[in-house]
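Enquirer: Residue numbers for the sequence shown follow my numbering, beginning at -2 and rising by one.
C-beta atoms are modelled at their ideal positions from N, C-alpha and C, and glycine is treated no differently.
From a predicted model like this one, the values you see are computed outputs, not experimental measurements.
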Amino acid sequence: MPAEEFYVRYYSGHQGRYGHEFIEFEFHADGRCRYANNSNYRNDSLIKKEMTVSPLMIKELKRIIADSEVMKEDDQKWPKKNVVGKQELEIRFGNEHVSFETAKIGSLVDVQGSEDPEGLRVFYYLVQDLKCLVFSLITLHWKIKPI
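1. Please say whether K74 and S104 have beta carbons closer to each other than 9 Å?
2. Hey, would you say the C-beta of S9 is under 8 Å away from at least one heavy atom of the ligand HEM?
3. How many whole angstroms separate the CB atoms of H11 and E18, which I take to be in contact at a CB cut-off of 8 Å?
4. For T136, count neighbouring Cβ atoms within 10 angstroms of its own Cβ and tell me buried if that reaches 16, exposed if not.
5. By Cβ distance, which residues of its chain are closer than 6 Å to I5, with the 5 residues on each side in sequence left out?
6. Does the structure place the segment 35 to 46 close enough to the segment 111 to 126 that three or more beta carbon pairs sit under 8 Å?
7. Are the beta-carbon atoms belonging to G116 and E70 less than 9 Å from one another?
8. State the DSSP-derived secondary structure class of Q12, mapped to helix, strand or coil.
9. Could you check what DSSP says for N35 in three-state terms: helix, strand or coil?
10. Could you check how far apart the C-beta atoms of L123 and I62 are, in whole angstroms? I think they sit under 8 Å.
11. Please list the segments of the beta strand (DSSP E) lying wholly inside the segment 14 to 96, counting only runs of 3 or more residues, in order along the chain.
12. Reducing DSSP to helix, strand and coil, say where E115 ends up.
13. Please report how far the alpha carbon of E66 lies from the alpha carbon of V119, in whole angstroms.
14. Decide if S133 is buried, meaning its Cβ has at least 16 other Cβ atoms within 10 Å, or exposed.
15. Check whether the Cβ atoms of S51 and G82 sit closer than 9 Å, and answer yes or no.
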């Protein structure tokens, strides 16, 4: 029996005076997790890490996504990418596939001021949870500060 299709990718970045600065991570159904953070500020360089997480971690990631109900949302009324940058979230979960793109969100004030505050709030909190999870995994695996 083939495993259920599952894939999550998050990207947040911008093109600025220090070049293309971004953070990106992805999870695959087989447990592969990739992380990249590029900042040229003070001559920092690209940080790339890859790890394998357990099936239990993938199960928990699926639960977080399912509980968020983000798969029901639509990004049509969300703020469009701008000079500040953009965020992307792509999720393949079983037979469902969603791909969101919006401007960077500084705080809940940005969420509340949008045309779809409820949908954007779901996205905002899910992204916060996913980033926290990834940063915790990185801290557990390597002695680096991801931010």
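Expert: Looking at the coordinates:
1. For the pair S104 and K74, the CB atoms are not nearer than the 9 Å cut-off.
2. With respect to the ligand HEM, the structure shown offers nothing to examine, as it has no ligands at all.
3. About 6 Å separates the Cβ atoms of H11 and E18, confirming a contact at the 8 Å cut-off.
4. Under this definition T136 is an exposed residue.
5. It should be noted that the sequence gives Val, not Ile, for residue 5. Answer for V5: F24 and I88, listed in chain order.
6. Too few Cβ pairs lie closer than 8 Å, so no.
7. It is a contact, given that the beta carbons lie within the stated cut-off.
8. Three-state DSSP puts Q12 in a strand.
9. DSSP places N35 in strand when its eight states are reduced to three.
10. Indeed, because the Cβ distance is near 7 Å, the residues count as touching under 8 Å.
11. Inside the segment 14 to 96, DSSP marks whole beta strand (DSSP E) runs of 3 or more residues at positions 16 to 25, 29 to 35, 44 to 49 and 83 to 90, from first to last along the chain.
12. Helix.
13. Answer to the nearest angstrom: the Cα atoms are 7 Å apart.
14. Result: exposed.
15. For the 9 Å CB-CB criterion, S51 and G82 do not form a contact.
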